[in-house]
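One structure is given below, encoded as structure tokens.
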Amino acid sequence: DGIVDALRLATGARPDIALERPGVRVHAHAQGSAITVSLDLSGESLHRRGYRGAGGEAPLKENVAAGVLLRAGWPELAARGGELLDPLCGSGTFCIEAALIAADRAPGLRRDYFGFLGWRRHEAPLWERLRAEAERRAAAGEAAALAAGVRVRGSDRDPAAIRGARDNAARAGVSALVRFETGLLAEAAPLAPREADRPGLLCANPPYGVRLADREGARTLHRELGEVLRERFQGWDAAVLTGAPELGMELGLRAHRTHRVWNGPIECRLLRIKVSPESAREPGTLGRGTAHLKDTPGARMFANRLAKNLKRLRSWAEREGVSCYRVYDADMPEYAFAIDSYRTLEPEDSWLCVQEYAAPKEIEPEAVHRRRGEVLAVLPETTGVPEERLRLRTRRRTRRGEQYGKLDRQARFRIVSEGGLKFYVNFEDYLDTGLFLDHRMTRARLREASHGKRFLNLFAYTGTATVYAAAGGAASTATVDLSRTYLDWAQRNLVLNGFTGAAHQLVQADCRGWLREAAQGAGRFDLIFLDPPTFSNSKRMEGVLDVARDHSELIDGCARLLSPGGLIVFSTNAQRFRLEDSLRERYEIQDVSAATLPKDFERNPRIHSCYEIRLPGGAGAKP
32 DGIVDALRLA
42 TGARPDIALE
52 RPGVRVHAHA
62 QGSAITVSLD
72 LSGESLHRRG
82 YRGAGGEAPL
92 KENVAAGVLL
102 RAGWPELAAR
112 GGELLDPLCG
122 SGTFCIEAAL
132 IAADRAPGLR
142 RDYFGFLGWR
152 RHEAPLWERL
162 RAEAERRAAA
172 GEAAALAAGV
182 RVRGSDRDPA
192 AIRGARDNAA
202 RAGVSALVRF
212 ETGLLAEAAP
222 LAPREADRPG
232 LLCANPPYGV
242 RLADREGART
252 LHRELGEVLR
262 ERFQGWDAAV
272 LTGAPELGME
282 LGLRAHRTHR
292 VWNGPIECRL
302 LRIKVSPESA
312 REPGTLGRGT
322 AHLKDTPGAR
332 MFANRLAKNL
342 KRLRSWAERE
352 GVSCYRVYDA
362 DMPEYAFAID
372 SYRTLEPEDS
382 WLCVQEYAAP
392 KEIEPEAVHR
402 RRGEVLAVLP
412 ETTGVPEERL
422 RLRTRRRTRR
432 GEQYGKLDRQ
442 ARFRIVSEGG
452 LKFYVNFEDY
462 LDTGLFLDHR
472 MTRARLREAS
482 HGKRFLNLFA
492 YTGTATVYAA
502 AGGAASTATV
512 DLSRTYLDWA
522 QRNLVLNGFT
532 GAAHQLVQAD
542 CRGWLREAAQ
552 GAGRFDLIFL
562 DPPTFSNSKR
572 MEGVLDVARD
582 HSELIDGCAR
592 LLSPGGLIVF
602 STNAQRFRLE
612 DSLRERYEIQ
622 DVSAATLPKD
632 FERNPRIHSC
642 YEIRLPGGAG
652 AKP
């Protein structure tokens, strides 16, 4: 009132009062008998860059995001043409701040309000010159960042959040540098395999139970983030901002630096991680914090179905000598999990591998987290397998650029038996364990057919079919796969069962290219197992492999290597697979899908399609 009265006396007019964005904001601070009066030349907090529209729930403050990026070394990574990904981007704050830094764009350049704009001592020409200089720097910086190959991406399962993030990026002037797309955390992957001069940084501010009101859901989300990092982001740096220190333990990764950060009133921890085999550690107990869900109607219903399955399957497994088998496969659609039981050769050493099928985007995250918690809560009591031997994975389509890491010789491998043979499995370091259980009967058929035969295993994975063929008395085996990791694994499986020497060849190659080259030679095989992935797009492979489109070419390539009277066993896990009609005109084909379906997979008859293919009349392959 005193200021207003003084201005009215000096000017003859009473100034207007604006509670929002006043021309000049005055602060008065009283302490004891003294009052300090000051002008607020910023007008409002400088963390408000001016690009945010209606923010998502509990958005990350812009200055906090910028501080995290500086701590994580993003300016240096961006200068080297690095890649940044936020797989839980929400309104896009991390990505937009990263683009501002990479482009040398002043963070408040698009802000249209400052407290000094209405100040009488404001020098507008000087301000405009400064803005013009900043605009020139931003244009040059953006061009340099694009030339260096800087890539900034954000993804979120919420389409509305992605639309908001794109609008925010446009307002910030960084649309050319940032790409936002709708996607699940489980689908996050680098654009390409990491190169030494193309570093990567994953930044994330996962929900931590305060804004979702779902502590257990936050715990599971942190665990899933850690799993994605370990599986696909080896060699990257990660900066994870979490509002609950105990949730950081769920990542299953050791932070090399930890910083205390305040995001508004919330005390957080910034975990800086160098993702590598050395940084991996045992995550917190999988089922911890789910006990309160054990007696929900859904949990009881799931437990009853699982108990019924176990009663039926355990007696069958004991009778047939099967130690690894599927006990549940989305029998109840709302509980979309596949659960496999493994008994290793160690005494009292049983494991459960729980694979969660990625939920459709229209399913609310809270429902997904609750059902996951209900499943984890009842598994130990229902199956007798302790919590520490449960492993959770999320199934999803293979993404472009996805690579499995190099086999760690000190990784946590265990040995299981199947069909009187032994195999290495890994429950913790890879998406799959190394033993496809639905092919149990297919492998047995290969063993029966392999005596004295020259055996070829294409897309061989860990070589389990090769071990079966060798055990059946194959004269020789050739195991072909693009992955050195899996060939090493296959060799260990062969050695474990006593099969060594020149008769058992392991070849690292793109199977399609190898088939073309082999057809030029004199090599012939009597028994070929062809089990390609549904889809693959490797940097080292010729183009993209789509089994629905390419299976005819692959089968023809195998037929050119097949001896008269030989047999091709072709299998695929592609859903709704349809064999190309023209193949039946060239070959004798028998659908053995039902005959190769194990009892524990009877609930899902489409788990694989399998065909036995022979040359007509025992003749050579048609050109």
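End of the sequence shown sits at 654 in the numbering used here; the numbers just go up one at a time, nothing left out.
Glycine residues also receive a C-beta, built at the ideal position from the N, C-alpha and C atoms.
Three-state class that DSSP yields for residue i in the structure shown
i           : result
residue 655 : Past the boundaries of the shown model lies residue 655; the chain is included only from 32 to 654, so the question cannot be answered.
residue 293 : strand
residue 92  : coil
residue 111 : coil
residue 633 : coil
residue 86  : Residue placement at residue 86 is flagged as unreliable, the pLDDT there being 46, under the threshold of 50; the coordinate-derived value follows with that caveat. It is coil, neither helix nor strand.
residue 489 : strand
residue 397 : helix
residue 311 : strand
residue 416 : coil
residue 464 : coil
residue 507 : strand
residue 52  : coil
residue 551 : coil
residue 366 : coil
residue 528 : coil
residue 481 : coil
residue 265 : coil
residue 323 : helix
residue 346 : helix
residue 446 : strand
residue 409 : helix
residue 38  : helix
residue 75  : coil
residue 557 : strand
residue 216 : helix
residue 564 : coil
Rounded Cβ spacing between residue i and residue j (contact assumed at less than 8 angstroms)
i           : j           : result
residue 594 : residue 632 : About 32 angstroms; that fails the 8 angstroms criterion.
residue 387 : residue 403 : 6 angstroms
residue 272 : residue 259 : That pair is no contact at about 16 angstroms.
residue 473 : residue 603 : That pair is no contact at about 11 angstroms.
residue 576 : residue 561 : Actually they are not in contact, since the Cβ atoms of residue 576 and residue 561 sit about 12 angstroms apart, beyond 8 angstroms.
residue 128 : residue 164 : About 21 angstroms separates the two Cβ atoms, so there is no contact after all.
residue 269 : residue 233 : 5 angstroms
residue 111 : residue 230 : 6 angstroms
residue 84  : residue 141 : Not confirmed; about 12 angstroms, so no contact.
residue 172 : residue 211 : Not confirmed; about 21 angstroms, so no contact.
residue 367 : residue 359 : Contact doesn't hold; Cβ gap of about 10 angstroms is too wide.
Residues sharing a beta bridge with residue i, DSSP
i           : result
residue 331 : Residue 331 pairs with nothing; no bridge assigned.
residue 382 : 373
residue 271 : 235, 302
residue 392 : Beta-bridge pairing links residue 392 to no other residue.
residue 117 : 185
residue 59  : 68
residue 423 : 385
residue 360 : 369
residue 640 : 603
residue 126 : Answer is none; residue 126 lacks a bridge partner.
residue 538 : 511
residue 457 : 444
residue 209 : 183
C-beta neighbour in chain C for residue i, strict 8 angstroms
i           : result
residue 591 : Looking at the structure shown, chain C is missing, and only one protein chain is on hand.
Cβ-heavy atom distance, residue i to the ligand SAH, below 7 angstroms
i           : result
residue 477 : As presented, the structure is devoid of all ligands, the ligand SAH included, so that no description of it is given.
Evaluate the contact criterion for the region 454 to 470 versus the region 536 to 551: three or more CB pairs, one atom per stretch, below 8 angstroms.
no
Under 8 angstroms: do the region 92 to 111 and the region 296 to 305 share three or more Cβ pairs, one atom per stretch?
Touching, yes.
Should the region 121 to 140 be regarded as contacting the region 174 to 183, the criterion being three or more beta carbon pairs within less than 8 angstroms?
yes
Kindly confirm or deny that the region 208 to 217 and the region 376 to 396 touch, where touching means at least three C-beta pairs closer than 8 angstroms.
With the cut-off at 8 angstroms, the region 208 to 217 and the region 376 to 396 touch.
Enumerated in chain order, which unbroken segments of the alpha helix (DSSP H) with a length of 4 residues or greater are wholly contained in the region 145 to 181?
155 to 179
For the structure I just gave you, are there three or more beta carbon pairs, one from the region 154 to 165 and one from the region 272 to 281, closer than 8 angstroms?
Using a Cβ-Cβ distance cut-off of 8 angstroms, the region 154 to 165 and the region 272 to 281 are not in contact, since fewer than three pairs of beta carbons, one from each stretch, lie closer than that value.
Inspect the CB distances between the region 324 to 341 and the region 616 to 623 and report whether three or more fall short of 8 angstroms.
no
Would you say the region 514 to 534 touches the region 595 to 603, given that touching needs at least three Cβ pairs under 8 angstroms?
no
Pairs of beta-carbons, one from the region 499 to 506 and one from the region 482 to 489, closer than 8 angstroms: are there three or more?
yes
Stretch pair the region 448 to 465 + the region 364 to 376: three plus CB contacts closer than 8 angstroms:
yes
My parser needs the beta strand (DSSP E) runs of 3 or more residues fully inside the region 569 to 627; what are they?
593 to 603, 619 to 622
Given 8 angstroms, three or more beta-carbon pairs between the region 54 to 74 and the region 145 to 152
yes
Counting beta carbon pairs with one atom in the region 119 to 131 and one in the region 177 to 197, are three or more of them shorter than 8 angstroms?
yes
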